[in-house]
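Following: one structure in structure tokens, then a few remarks.
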Amino acid sequence: MPSRDFFHSVMRIGPVQIGTHRDRNGRTKHAAVCTSDRCGWSADFSSQSAAQLAARTHRCRVR
21 MPSRDFFHSV MRIGPVQIGT HRDRNGRTKH AAVCTSDRCG WSADFSSQSA
71 AQLAARTHRC RVR
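First residue of the sequence shown: 21, per my numbering; consecutive thereafter.
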């Protein structure tokens with residue numbers, strides 16, 4: 021039975037949301053996702069500080 025995929029500790033930095041979740045191996049991961057229309061940028065990080073840095077430096081190419 022697959023585990024439920026849900027996010028907790030969700031925070032927002034500009035248009036980017038950061039959420040903490042567990043991957044399929046049970047390790048804690050931090051996902052950063054841009055919520056702007058037509059941007060489509062997202063990335064997984066092993067530390068929350070790396071996800072926050074990526075969120076602060078993210079620039080959407082779509083204008």
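Think of the CB as a built atom: it goes at the ideal place given N, C-alpha and C, for glycine as much as any other residue.
query                                                                              : result
Proximity winner among 60, 45, 71, relative to residue 31 (alpha-carbon distances) : 71
Beta-carbon proximity check, residue 37 vs residue 53, cutoff 7 Å                  : yes
Pick from 42, 81, 76 that is closest to residue 26, judged by C-alpha positions    : 42
Coil, strand or helix - residue 62 by DSSP                                         : strand
Through-space distance from residue 77 to residue 45, alpha-carbon basis           : 29 Å
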